[in-house]
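Enquirer: Going down the list, the protein sequences come from chains V and G.
What the first sequence shows, in this note's numbering, is residues 1 to 155, in sequence order.
What the second sequence shows, in this note's numbering, is residues 1001 to 1176, in sequence order.
Have a look at this one before I ask anything.
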Amino acid sequence: MSEFELGTWSGRLPEWSNEELSERESAELERALELDAGLREEAELVRRVRASRPEPPADLATRINARLASERRSRGRGWMPGGWRLSTAAVIVLAIGTSVIWRNQGPSVPGPIALDLFDPVAESWLLDDGVIAGGAVLEDLSDEQLTSLLDDLGV
Amino acid sequence: MVSDAELVERAKAGDADALQELVSRHHAAVFRTVLGMLRDDDAAADATQEAFVKALRALQRFRGDSSFKTWIVAIAVNEARGWARKRGRRRETPLDAQPELAGGEQGAADRVVVADEVDRVRGALETLPEKQRMAVSLRIFEGLSFREVGKLIGSTEGAARVNYHHGIKRLRELLG
């Protein structure tokens, strides 16, 4: 058996151990196992590692579901339908625009009001309405980039 | 069986049952991954919860470029890194933190032997550098492809493959 074939089968041992290979692949791998002692040792190691797999606490799924339900309740809106998202986005755009105009008008506009308006708006936009309000900016980001962005923002 | 992609679409539309099913399918993989990083059962359980909360918040923007499993595990990996940074150090796994063992009808002696074996393997895994450890556990515990492992450890598919094989080689030396 060539080094290449050995390397290929070695990399497929996790699927073999999880019984995820097709019948044909499984038969080929088992033939390879008969021919190569090193591969057999590795298969045994993969089996041992798999057997050491830790399991989560029995009630973890229940705790997560309770937490998610609480999260949805605390946000009040849960998953907003598209129409509501659009309305919220319009309000956000209006609020941001207004705060920018106020800032540009000079000292007669009290700063703290603009800040008070901005913070909750920013949070809402990031949490719920990126698809609508930020669509043009976020459209080209992959899920990983979005995840990383959320993480960087501490959301 | 309903696919993850379909469950995600239903969850996006507000179906709480679909979200619960996603939790049911993937919470163990998330827990195991963060446990491997934090080495503390309680912290891993908390980080798993936080990862799902963040996923819920970002769900509308999940477009299915990767599988839901890879996506939620990636969120969890970031979460665990944040926890590790905040904690400033990584605690060792408590001695009584044994994995749950299958086979309720095993005799007590058998259970002790199995527990020893599990301790040995997990102890050996813990000695691996993080990328090797993650590559081995994500491949063998979770059945992720090398491409998915690469995304999660921040490397190419080829580098993930190399990390996996180095990890396996080292484990053979330690456990052989």
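Cβ atoms here follow ideal geometry from the backbone N, Cα and C, with glycine treated the same way.
Bear in mind that the values here come from a model prediction, so they are computed numbers and not experimental data.
Under 8 Å: do the stretch 1-14 of chain V and the stretch 1121-1132 of chain G share three or more Cβ pairs, one atom per stretch?
Expert: The stretch 1-14 of chain V is not in contact with the stretch 1121-1132 of chain G.
Enquirer: With 8 Å as the threshold, decide whether the Cβ of Ala1160 (chain G) is near any Cβ in chain V.
Expert: It does not: the Cβ of Ala1160 (chain G) has no partner Cβ on chain V nearer than 8 Å.
Enquirer: Roughly how many whole angstroms lie between the Cα atoms of His1026 (chain G) and Pro54 (chain V)?
Expert: Computed Cα separation, rounded: 14 Å.
Enquirer: Would you decide whether Asp59 (chain V) is buried or exposed? Buried here means 16 or more other CB atoms lie within 10 Å of its CB.
Expert: That one is exposed.
Enquirer: Please say whether Asn1078 (chain G) and Thr62 (chain V) have beta carbons closer to each other than 8 Å?
Expert: No.
Enquirer: My output table needs one value for Ser1155 (chain G): the three-state DSSP class, helix, strand or coil.
Expert: In the structure shown, Ser1155 (chain G) sits in coil (DSSP, three-state: anything other than H, G, I, E or B).
Enquirer: Run through chain V and tell me which residues come within less than 7 Å of Ile1168 (chain G), C-beta to C-beta.
Expert: Correct list: Glu42 and Leu45.
Enquirer: If you drop the 5 nearest sequence neighbours on each side, which residues of the same chain put their C-beta closer than 6 Å to that of Asn1163 (chain G)?
Expert: Result list for Asn1163 (chain G): Lys1131, Gln1132 and Ala1135, in chain order.
Enquirer: According to DSSP, is Asp143 (chain V) part of a helix, a strand, or is it coil?
Expert: If DSSP states are grouped into helix, strand and coil, Asp143 (chain V) belongs with the helices.
Enquirer: So, under 8 Å CB-CB, Thr1048 (chain G) and Leu1152 (chain G) are touching, yes? Tell me the CB distance rounded to an integer number of Å.
Expert: Going by Cβ atoms, the distance from Thr1048 (chain G) to Leu1152 (chain G) rounds to 15 Å, so no, they are not a contact pair.
Enquirer: Pick from V:Gln145, V:Ala66, V:Asp143 and V:Ser142: whose alpha carbon is nearest that of Ala1016 (chain G)?
Expert: Cα-wise, what sits closest to Ala1016 (chain G) is V:Ala66.
Enquirer: Tell me whether Asp1065 (chain G) is buried or exposed, calling it buried when 16 or more other Cβ atoms sit within 10 Å of its Cβ.
Expert: Classification of Asp1065 (chain G): exposed, given that the 10 Å Cβ count is below 16.
Enquirer: Hey, out of G:Leu1171, G:Ser1003, G:Arg1061 and G:Leu1056, whose CA is closest to Arg72 (chain V)'s CA?
Expert: Among G:Leu1171, G:Ser1003, G:Arg1061 and G:Leu1056, the Cα nearest to that of Arg72 (chain V) belongs to G:Leu1056.
Enquirer: Whose Cβ in chain V lies nearer than 8 Å to the Cβ of Val1053 (chain G)?
Expert: Within 8 Å Cβ-Cβ: Arg67, Leu68 and Glu71.
Enquirer: Would Ser1024 (chain G) count as contacting chain V if we go by Cβ distances under 8 Å?
Expert: Yes, Ser1024 (chain G) lies at the interface with chain V (some Cβ there is under 8 Å from its Cβ).
Enquirer: Using a threshold of 8 Å, state whether the C-beta atoms of Phe1068 (chain G) and Asp1004 (chain G) are closer than that.
Expert: Contact flag set, yes.
Enquirer: Under 8 Å, Cβ to Cβ, is there at least one residue of chain V near Leu1128 (chain G)?
Expert: By this cut-off, Leu1128 (chain G) is not an interface position.
Enquirer: Please report the residue range of the alpha helix (DSSP H) in which Ala61 (chain V) lies.
Expert: First-last of the alpha helix (DSSP H) with Ala61 (chain V): Leu60 to Arg75.
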